[in-house]
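Student:
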Amino acid sequence: MSANFSLLQNKSHVVVGVIITVISLMPFLGGVSPRLYGFIPMIVGVLGLFAYWRPSVLFQSLYFRIILTISALVLLSSLWSLAPPDTVKRGVKIALILLGGFGLYNFMRFSPQMDRPKVARWFNIGFVTAVFAGGVFCAFELYTGAIINNSWKGLPANTANVSNLNRAVLVFVITLPVCICFLMQLDTTKFRKILLVAVLLLITLLMLSLTDSQSSHMVTVVMIISALIFPLMHYKASWFVLTLVFCAGAIGFPWIAQYGYQHYAEVLYTSSWASSGYASDRLEIWDFVARKALENPLYGFGLEATRYIEHFDTPLLYTPLDHVLHPHNFVMQIWIEFGVIGVAGLCAFIALVFKTLSTCEYDTARLGFIVFMALMAASCTAYGLWQSWWLGYIVFAVALCGYHARHKSIVDIH
């Protein structure tokens, strides 16, 4: 019996080692290929459930109840979706990614293995190193016109298409505040920490100057503003006001989108900066998706409805097609897929997130707030909510914030 127990312990140590190694390397792996976020966090999360299983508190976990609710709504939408078999198939995949995300969060936040000083130290070192490596790789690719990516795809070396790097730049930018927090926990001098942060920021500025990803530019601005206004969140009323603003925006977004299209699309189209980022194109997409969503406002048209609607009613003034895979805005996507039911769930989720952050320790709440605002901003303008790689990155970022919450001794740069 003791031999079997010892064997199980050894296997558990191997699993923990694999989890820590893979997660610490993800910033680099994701920089090389962001699509890896679509399945690696899920697989590692399942391993995390094996390494640290807590069945007694499973259904008491707020995170688990949230993913259970989301998965149920996604799968139930097959009852009214435009393509029920596809909805079930995609719904199962989404549920698996979310379940893996729960396993990863559960492990990073609560497993006793991550409390060991040596484990925490090497994880932080590995993670920070991987972020630096991922940043250097992306900056090099942007500077050389994606020479390495082109060679992998068999394209000529002079094929300068750096738009394929937009995803990598975006996830690097959102991961940046997490990396800085982990970096400040390293057991080294304050001068070295500040120097490393400065180098990291220089890499970031270089990437932002070379990339054509305006989503990354916008997310950077959103994170800076979030960091600056966070001291105001010391007041409980601030969280309440912010919740009201976000919920009002979510509820009224179909009408806000139509108003924005009617009054600002032409102005943005004549702006060189805005037009290069497809601002007017986005406004027209939001307009025709909003009008379609309001045709069935109670429960929408089911998961990924826009993928199956062949033609939307639009004059094609700024967008070349009258159909779209996703609305490039997660609020509009929830409206057309799940209607008022989905928006009510979104408002409850936002209120729950802000309420949770308002009760957290200061440094934990600050990081969580910055990352949450960054994820919201990117989801409002860039990628589809249910894209596997993006959903995988979201659960990965949540797990990192969970890990940070258990190590609160952050050394202030100042």
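Heads up: the sequence shown runs through residues 658 to 1071, numbered per my numbering.
For every residue, glycine included, the Cβ atom is placed at its ideal position computed from N, Cα and C.
Are three or more beta carbon pairs between the stretch 719-733 and the stretch 671-679 nearer than 8 Å?
Tutor: no
Student: Below 7 Å between beta carbons: does that hold for F903 and R1023?
Tutor: no
Student: Starting from the N-terminal side, write out each stretch of the alpha helix (DSSP H) that is 4 residues or longer and does not extend beyond the stretch 745-818.
Tutor: Correct list: 774-801 and 804-809.
Student: If distances are taken between C-alpha atoms only, which option among W992, A1056, G996 and Q990 comes closest to T1021?
Tutor: A1056
Student: What is the DSSP secondary structure of S866, reduced to helix, strand or coil?
Tutor: Helix at S866.
Student: Going by beta carbon distance, what residues of the same chain come within less than 7 Å of S1036, once the five residues before and after it are set aside?
Tutor: F987 and L1042
Student: From V830 to F839, what distance separates their C-alpha atoms?
Tutor: 15 Å
Student: Distance, Cα to Cα, L753 vs R964?
Tutor: 21 Å
Student: Could you work out which residue in F764, D772, S895 and V997 is closest to S1015 when comparing CA atoms only?
Tutor: S895
Student: How is F662 classed by DSSP in three states: helix, strand or coil?
Tutor: Low confidence applies to F662: its pLDDT is 35, below 50, so where it sits in the model is not reliable enough to give any reading.
Student: Quick check on the DSSP output: the alpha helix (DSSP H) that includes V924 runs from which residue to which?
Tutor: K893 to Y926
Student: Please report the distance separating the alpha-carbon of I680 from that of M1030.
Tutor: 23 Å
Student: If you drop the 5 nearest sequence neighbours on each side, which residues of the same chain put their C-beta closer than 7 Å to that of D970?
Tutor: F945 and R948
Student: Taking C-alpha atoms, which residue in F764, I723 and G959 lies nearest to Y1060?
Tutor: F764
Student: Assuming G791 and G687 are in contact, meaning their beta carbons sit under 8 Å apart, how far apart are those beta carbons, in whole angstroms?
Tutor: Correct: roughly 7 Å between the Cβ atoms.
Student: So S873 and V924 are in contact, right, with Cβ under 8 Å, and what is the actual spacing, rounded?
Tutor: Contact doesn't hold; Cβ gap of about 24 Å is too wide.
Student: Can you list, in chain order, the stretches of the alpha helix (DSSP H) that have 4 or more residues and sit fully within the stretch 950-1024?
Tutor: 962-965 and 987-1015
Student: Which value, in whole angstroms, describes the spacing of the CA atoms of G783 and F910?
Tutor: 42 Å
Student: In terms of residues, what are the limits of the alpha helix (DSSP H) holding W1046?
Tutor: Boundaries of the alpha helix (DSSP H) harbouring W1046: S1045 to A1062, taken from the DSSP string.
Student: In terms of residues, what are the limits of the alpha helix (DSSP H) holding T832?
Tutor: N823 to L840
Student: Throw me the rounded Cβ distance for the V1000 and I991 pair, which I believe falls under 8 Å.
Tutor: Right, the Cβ-Cβ distance comes to about 6 Å (below 8 Å), so this counts as a contact.
Student: Determine the extent of the alpha helix (DSSP H) in which G702 is found, giving its start and end residues.
Tutor: I697 to A708
Student: So A796 and M864 are supposed to be a Cβ contact under 8 Å. How far apart are they, rounded?
Tutor: Cβ atoms of A796 and M864 come within 8 Å of each other, at about 5 Å.
Student: Can you give me the start and stop residues for the alpha helix (DSSP H) that F721 sits inside?
Tutor: Here the alpha helix (DSSP H) through F721 covers L719 to L733.
Student: Between which two residues does the alpha helix (DSSP H) harbouring L739 extend?
Tutor: It is not in any alpha helix (DSSP H) - L739 carries neither H nor E in the DSSP assignment.
Student: Just to confirm the assignment, what range does the alpha helix (DSSP H) spanning S873 have?
Tutor: Counting along the chain, the alpha helix (DSSP H) containing S873 begins and ends at Q871 to I886.
Student: Take the Cβ of F848 as the centre, count every other Cβ of all protein chains shown within 10 Å, and call the residue buried at 16 or more, exposed below.
Tutor: exposed
Student: Classify V1068 as helix, strand or coil using the three-state DSSP reduction.
Tutor: Note that V1068 scores a pLDDT of 32, beneath 50, so its modelled location is shaky; the value from the coordinates is reported in the next line. Coil.
Student: Buried or exposed, going by whether 16 or more other CB atoms sit within 10 Å of the CB of D772?
Tutor: exposed
Student: According to the neighbour-count rule (16 or more other Cβ atoms, all chains shown, within 10 Å of its Cβ), is N806 buried or exposed?
Tutor: buried
Student: So, with DSSP's three-state summary, where would you put A1039?
Tutor: coil
Student: Specify the secondary structure class of H690 as computed by DSSP and reduced to three states.
Tutor: One detail in the question is off: residue 690 reads as Ser in this sequence, not His. Here S690 sits in coil by DSSP.
Student: List the whole-angstrom C-beta distance separating G748 from L960, where the pair is believed to meet the contact cut-off of C-beta under 8 Å.
Tutor: 6 Å
Student: Compute the Euclidean distance between the alpha carbons of L1048 and R824, then round it to the nearest angstrom.
Tutor: 13 Å
Student: Using alpha carbons as the reference points, say which of A914, G757, P691 and Q1044 lies closest to L706.
Tutor: G757
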